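Those protein sequence lines, which keep their order, are chains A and B. Numbered by our numbering, the letters in the first sequence go through residues 1 to 294 in order. Numbered by our numbering, the letters in the second sequence go through residues 1001 to 1202 in order. For every residue, glycine included, the Cβ atom is placed at its ideal position computed from N, Cα and C. Remember, predicted model here, so these are calculated numbers, not experimental data. Notes follow once the structure below has been shown.
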Amino acid sequence: MADKGSFEVKVGLAEMLKGGVIMDVMNANQAKIAEDSGAVAVMALERIPALIREEGGIARASDPQIIKDIQATVSIPVMAKVRIGHFAEAQILEALEVDFIDESEVLTPADEHNHIWKHDFKVPFVCGCRNLGEALRRIGEGAAMIRTKGEAGSGNIVEAVRHMRQVQSEMKKLTVMDQDELMAAAKDMGAPFTLVQQVAKLGKLPVPNFAAGGIATPADASLMMQLGAKTVFVGSGIFMSEDPAPRAKAIVDAVTYYKDPAKLVEVSTGLQSAMKGLDMAEIPEGERLQERGW
Amino acid sequence: MVRKGRCPVMIGVLALQGDYEKHIQILDMLKISSIEIRYPKELEKVDGLVIPGGESTTMTDLMGRAGFYEPLRLLAGNKPILGTCAGLIMMAKSVCDSRVKPLGILDVEVDRNAYGRQVHSFTDQLPVSLNGKTDFISATFIRAPKITKVESSVKILSEYDSQPVVVRQGRHLGLAFHPELDGVTLFHEFIFKKQFEKTHAA
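Shown next, in the form of structure tokens:
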């Protein structure tokens, strides 16, 4: 009997996305540009994070019609975002057969206490994290892919770096701990014990770890890959720039050739201006998207 | 990055995009040396190649931009190539989607994402006939392609639901699923070890 929707099958798709770029798109036209530029998947959302930040209001899952249009336009996987804890939005996206659901801090949370129990779904989920405890809690709930949160819509890489460094350094610490230290570590980070044991043994997360939130240039993509990300999500960085298609292509190349500075010179040359971006001091603490979810 | 194994052959794994690390793990299990390939000139060093799973539109773009098409067709003339999922699509003669430009190494026609979207991806048991015996393996199909036409030059080594899912043409193998996700070493061993032993013995 064919086994559908198992955890392994969900992680399997995450494995296939490695070394690619997942691009935020708001309509079928942008999705086409993304696919033509070599995106490995698109993330459908109503407004890209920079616009959500500008315009305010409640950010919800996309209109099903927009998702259907995007699905009809591109052949690569179509992902879509739901509000944290909004399992009904997730059920709708599953019925639409999106390929991956992002339970995302970029949208306005629906539940400030609970995230979605993701094991109930056949469709895989990706969730954001700022540290290892948060990553393992999401995996415990069934996430098949983790992305470090960064600060979406900022065009500023500093938070993405902070979160990736944090996760990596916490994992390294676990690998040198004695067995009798692991329970205390699990308690301190509020993470499921069996997953803490697994990370201590493997030295990495049991699911692929990608980077998101603030990637705007090929160099940003290379930086995140060198810090240990297996792929990058680019949200506002492409369609808020002056030259979406060439920039998208350049970031795709930068992810493949992230270790080769000569190639990065080549792909970064001749691009128009990147998105303007925000210094973290310009974003009041209460408005930081990364603070949503726990 | 070169990974040294005990076996005298060096296998390249196309590392433009996809689950190439999973294939390297399989080659490690078999003690076969491997090297990630990102530039055509790196193909000079290899005795065989894996084209991994991933997205075939992305691979088409990256292979085109890096100038991989002719070097890969030349390589196929005398070195074995193993393709899984998107790798099979890239090796096909024709693909029912103009967004993908295949290499034409296997005389098959392939239809992308033919089982549907991710919610229809699955794992199942599969009988495979290699070396005159049949093994049952776990096979994981992720948004998998279907082989819709097979020319007489191609041998079918396994079928699922009456559809070919493992095909062999001369020294090359194409698979619609991902043995690398289930730790199945059978295919890599057959194409990169057993075939070589035969050639060296002869």
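Gly1083 of chain B, DSSP secondary structure in three states: Residue mapping note: residue 1083 of chain B aligns to position 83 of the second sequence, counting from 1. Note: Gly1083 of chain B maps to strand in three-state DSSP.
Min CB distance Ile1142 of chain B to chain A below 8 Å: Looking up residue 1142 of chain B in the second sequence gives position 142. So, interface residue.
Members of the segment 90-106 of chain A near chain B, C-beta cut-off 8 Å: Answer in chain order: Glu94, Glu97, Val98, Asp99 and Phe100.
Closer than 8 Å to chain A by CB, Leu1016 of chain B: Against the second sequence, residue 1016 of chain B aligns to sequence position 16. For Leu1016 of chain B, the closest Cβ of chain A is nearer than 8 Å.
Val42 of chain A to Pro77 of chain A span [Cα, whole Å]: Taking the first residue of the first sequence as position 1, residue 42 of chain A is located at position 42. Taking the first residue of the first sequence as position 1, residue 77 of chain A is located at position 77. So the two alpha carbons sit approximately 7 Å from each other.
Under 8 Å between C-beta atoms of Glu134 of chain A and Leu289 of chain A: What you label residue 134 of chain A is simply residue 134 of the first sequence in a count that begins at 1. What you label residue 289 of chain A is simply residue 289 of the first sequence in a count that begins at 1. The answer is no: Cβ separation not under 8 Å.
Three-way DSSP call (helix, strand, coil) for Leu1072 of chain B in this model: The residue labelled residue 1072 of chain B in the question sits at position 72 within the second sequence. The three-state secondary structure of Leu1072 of chain B, taken from DSSP, is helix.
Chain-order list of residues whose beta-carbon lies under 8 Å from that of Val1013 of chain B (same chain, five-residue window excluded): In the second sequence, the residue the question calls residue 1013 of chain B occupies position 13. Same-chain partners within the cutoff: Tyr1020, His1023, Ile1024, Leu1027, Ser1034, Ile1035, Glu1036, Ile1037, Leu1049, Val1050 and Pro1052.
Under 8 Å from the C-beta of Ser75 of chain A: neighbouring residues of chain B: Translated into positions along the first sequence, residue 75 of chain A becomes position 75. The contacting residues are Thr1057, Asp1097, Arg1099, Arg1112 and Asn1113.
Residue environment, His163 of chain A, which counts as buried when at least 16 other CB atoms sit within 10 Å: Working through the first sequence from its first residue, we reach residue 163 of chain A at position 163. Around the beta carbon of His163 of chain A, a 10 Å sphere encloses 16 or more other beta carbons of the protein chains shown; the residue is thus reported as buried.
Span of the beta strand (DSSP E) around Gly1048 of chain B: Reading the second sequence from its first residue, position 48 is the one you call residue 1048 of chain B. Where Gly1048 of chain B is concerned, the enclosing beta strand (DSSP E) starts and stops at Gly1048 to Ile1051.
Three-state secondary structure assigned by DSSP to Gln272 of chain A: Taking the first residue of the first sequence as position 1, residue 272 of chain A is located at position 272. Coil, per DSSP.
Cβ distance (whole Å) where Gly128 of chain A is taken to contact Gly293 of chain A below 8 Å: Against the first sequence, residue 128 of chain A aligns to sequence position 128. Against the first sequence, residue 293 of chain A aligns to sequence position 293. Taking C-beta atoms under 8 Å as the contact rule, Gly128 of chain A and Gly293 of chain A qualify, at a distance of about 7 Å.
Limits of the beta strand (DSSP E) - the one that Gln1118 of chain B falls within: As a position in the second sequence, residue 1118 of chain B is number 118, starting the count at 1. Careful: Gln1118 of chain B lies outside any beta strand (DSSP E) and carries neither H nor E.
Chain A residues whose Cβ lies nearer than 9 Å to that of Ser1162 of chain B: On the second sequence, residue 1162 of chain B is found 162 positions in, with the first residue counted as 1. Contact annotation for Ser1162 of chain B against chain A: no contact, minimum CB-CB distance about 14 Å [criterion: below 9 Å].
Same chain only: Cβ atoms within 7 Å of Ser37 of chain A, ignoring 5 sequence neighbours per side: Sequence index remark: in the first sequence, residue 37 of chain A carries index 37 (1-based). Excluding residues within five positions, the ones whose Cβ falls inside 7 Å are Ala245, Ala248, Lys249 and Val252.
Within-8 Å CB hit, Leu13 of chain A to chain B: Residue mapping note: residue 13 of chain A aligns to position 13 of the first sequence, counting from 1. So, interface residue.
Contact list for Tyr257 of chain A against chain B, beta-carbon separation under 8 Å: What you label residue 257 of chain A is simply residue 257 of the first sequence in a count that begins at 1. Arg1038, listed in chain order.
C-beta neighbour in chain B for Ala2 of chain A, strict 8 Å: As a position in the first sequence, residue 2 of chain A is number 2, starting the count at 1. Taking Cβ atoms only, chain B reaches closer than 8 Å to Ala2 of chain A, which makes this a yes.
Simplified DSSP state of Gln65 of chain A, which is helix, strand or coil: Taking the first sequence and counting its residues from 1, one reaches residue 65 of chain A at position 65. It is helical.
Neighbour list for Met225 of chain A in chain B, Cβ cutoff strictly below 9 Å: Taking the first residue of the first sequence as position 1, residue 225 of chain A is located at position 225. For a Cβ distance threshold of 9 Å, nothing in chain B lies close to Met225 of chain A: the least Cβ distance comes to about 12 Å.
Where the segment 35-48 of chain A meets chain B: residues whose CB sits under 9 Å from a CB there: Within the segment 35-48 of chain A, the residues whose Cβ lies closer than 9 Å to some Cβ of chain B are Glu35, Asp36, Ser37, Gly38, Ala39, Val40 and Ala41, listed in chain order.
Proximal chain A residues relative to Gly1053 of chain B, where beta-carbon distance stays under 7 Å: The residue labelled residue 1053 of chain B in the question sits at position 53 within the second sequence. Within 7 Å Cβ-Cβ: Met16.
Collapsed DSSP secondary structure at Gln1025 of chain B in the structure displayed: For the purposes of this step, residue 1025 of chain B is identified with residue 25 of the second sequence, where counting begins at 1. In the structure shown, Gln1025 of chain B sits in a helix (DSSP, three-state: H, G or I).
Below-8 Å beta-carbon distance, Val1002 of chain B vs any chain A residue: Position 2 of the second sequence, counted from the first residue, corresponds to residue 1002 of chain B. Closer than 8 Å: no.
Cβ separation of Leu1092 of chain B and Ala1144 of chain B, assumed to be a contact under 8 Å, to the nearest whole Å: Reading the second sequence from its first residue, position 92 is the one you call residue 1092 of chain B. Reading the second sequence from its first residue, position 144 is the one you call residue 1144 of chain B. What sits at residue 1092 of chain B in the sequence shown is Ala, not Leu. Here Ala1092 of chain B is actually not in contact with Ala1144 of chain B; their C-beta atoms are around 13 Å apart, not less than 8 Å.
Presumed contact (8 Å Cβ cut-off) between Thr1060 of chain B and Val1110 of chain B, rounded CB distance: On the second sequence, position 60 is the one that residue 1060 of chain B refers to. On the second sequence, position 110 is the one that residue 1110 of chain B refers to. With 8 Å as the limit, Thr1060 of chain B and Val1110 of chain B do not qualify as a contact, their Cβ atoms being about 13 Å apart.
Strand pairing of Tyr1160 of chain B, partner residues [DSSP]: Within the second sequence, residue 1160 of chain B is the residue found at index 160, counting from 1. B:Gln1163, per the DSSP bridge assignment.
Gln1125 of chain B and Lys1146 of chain B closer than 8 Å at C-beta: For the purposes of this step, residue 1125 of chain B is identified with residue 125 of the second sequence, where counting begins at 1. For the purposes of this step, residue 1146 of chain B is identified with residue 146 of the second sequence, where counting begins at 1. No; because the gap between Cβ atoms is not below 8 Å, this pair is not in contact.
Contacts around Phe1068 of chain B, its chain only, beta-carbon distance under 7 Å, and the 5 residues preceding and following it disregarded: The residue given as residue 1068 of chain B occupies position 68 in the second sequence. Here Phe1068 of chain B has Pro1040 as same chain residues with Cβ atoms under 7 Å from its own Cβ, once five neighbours each way along the sequence are excluded.
Interface partners of Ser1094 of chain B on chain A, CB under 8 Å: Here residue 1094 of chain B refers to the residue found at position 94 of the second sequence. Within chain A, no C-beta atom comes less than 8 Å from the C-beta of Ser1094 of chain B; the nearest is roughly 16 Å away.
Secondary structure of Leu13 of chain A, DSSP reduced to three states: Within the first sequence, the letter at position 13 stands for residue 13 of chain A. Helix, per DSSP.
Distance between beta carbons of Val207 of chain A and Val11 of chain A, contact taken as under 8 Å: Along the first sequence, read from residue 1 onward, the residue named residue 11 of chain A stands at position 11. Along the first sequence, read from residue 1 onward, the residue named residue 207 of chain A stands at position 207. Cβ-Cβ separation between Val11 of chain A and Val207 of chain A: approximately 5 Å, consistent with a contact (criterion under 8 Å).
Residues, ordered as in the chain, of the segment 1019-1039 of chain B that lie near chain A by beta-carbon distance below 8 Å: Under the 8 Å Cβ criterion, the segment 1019-1039 of chain B contributes Asp1019, Tyr1020, Glu1021, Lys1022 and Arg1038.
Within chain A, partners of Thr1185 of chain B - CB distance below 8 Å: Indexing the second sequence from 1 puts residue 1185 of chain B at position 185. Under the 8 Å cutoff, chain A gives no residues; its nearest Cβ is about 17 Å from Thr1185 of chain B.
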